[in-house]
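The structure under discussion appears below in the form of structure tokens.
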Amino acid sequence: ISWGAVDGATRYELWVNHVGVTNKVIYQPSLTTTSYTPTSNLAAGNFRIWVRAINGDGIRSAWSSALNVEIT
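Per this note's numbering, the very first residue in the sequence shown carries number 18; after that it's consecutive.
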């Protein structure tokens with residue numbers, strides 16, 4: 018999972034839901050890079066992904082638009 022850098026961001030918050038099954042399959046609140054590789058394979062199904070930037074003062078941006086993906 019990767020995204021573009023945001024000016025002024027010192028970290029990013031990533032949230033991934035398995036649609037209709039489990040909320041917060043992945044939740045990483047303090048990523049310092051613009052990508053994340055899950056530690057295990059995601060189950061088959063539909064997932065929704067959001068990310069937001071956080072600056073050095075702890076101010077969070079709005080969540081990104083949701084990205085919907087299907088794992089087969």
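Glycine included, each C-beta is placed from N, C-alpha and C at the ideal position. None of these values were measured; they are calculated from a predicted model.
Does the pairing of the segment 24-32 with the segment 56-72 give three or more beta-carbon distances under 8 Å? yes
With distances taken from CA atoms, which of V86, D24, V36 is nearest T17? Because the chain here runs from 18 to 89, residue 17 falls outside it and cannot be looked at.
With DSSP as the reference, label A22 as helix, strand or coil. coil
Of the choices A22, G21, V86, I18, whose alpha-carbon is the least far from that of A61? V86
Does the Cβ-Cβ distance between L59 and I88 come in under 8 Å? yes
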